[in-house]
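Residue numbers (this note's numbering): 26 to 190.
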């Protein structure tokens, strides 16, 4: 098995990177879903192979992908998931918005624990859902759930509790 080194610093300023071009040098932008290190060789090689093909378009998920997801969910959580229950969503933000619109109606509550990625806080409001917040409590180098506050925030109108790890 190959070893990957994630401790090398790659200079991203001046490379058309949105997050690195947005702020000055005094800010260290820690965004989600954006790597500041090169992909694994296998991923890069696969992308090069696809690029060499020369034709691009939408593709179906390969059967092996469903099997890998099913195996992983079972191994980690003992969840038995059918292929038909797996839904591919293009981005985290799209998935959040689908969930907010599907599981809560206008005016119903979405309970979020902060601090959290800003889309968890702003997107329920965009769709007319009520935002309820239960702040996490800072304990040294980590955060803990304030279970008493969490219980106080939950009402009959709370339809979604966003849990992040």
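Here a beta-carbon is modelled for each residue, glycine too, at the ideal position from N, C-alpha and C. Please read all numbers here as calculations on a predicted model, not as lab measurements.
Check: Spatial neighbours of residue 115 within its chain, please: C-beta separation below 7 angstroms, excluding the five flanking residues on both sides.; Outcome: none
Check: Taking buried to mean at least 16 other C-beta atoms within 10 Å of its own C-beta, is residue 166 buried or exposed?; Outcome: exposed
Check: Tell me which residue opens and which closes the alpha helix (DSSP H) that residue 134 is part of.; Outcome: Run containing residue 134: none in the alpha helix (DSSP H); it sits in the beta strand (DSSP E), 134-137.
Check: Give me the Cα-Cα distance between residue 171 and residue 187, rounded to the nearest whole angstrom.; Outcome: 14 angstroms
Check: In the DSSP assignment, what residue or residues form a beta bridge with residue 185?; Outcome: 135
Check: Starting from the C-beta of residue 122, find all residues in its chain whose C-beta is less than 6 angstroms away, skip the five residues before and the five after it, and write them out in chain order.; Outcome: 148
Check: Is the beta carbon of residue 176 less than 8 angstroms from the beta carbon of residue 154?; Outcome: no
Check: Beta-carbon separation of residue 185 and residue 119 under 8 angstroms?; Outcome: no
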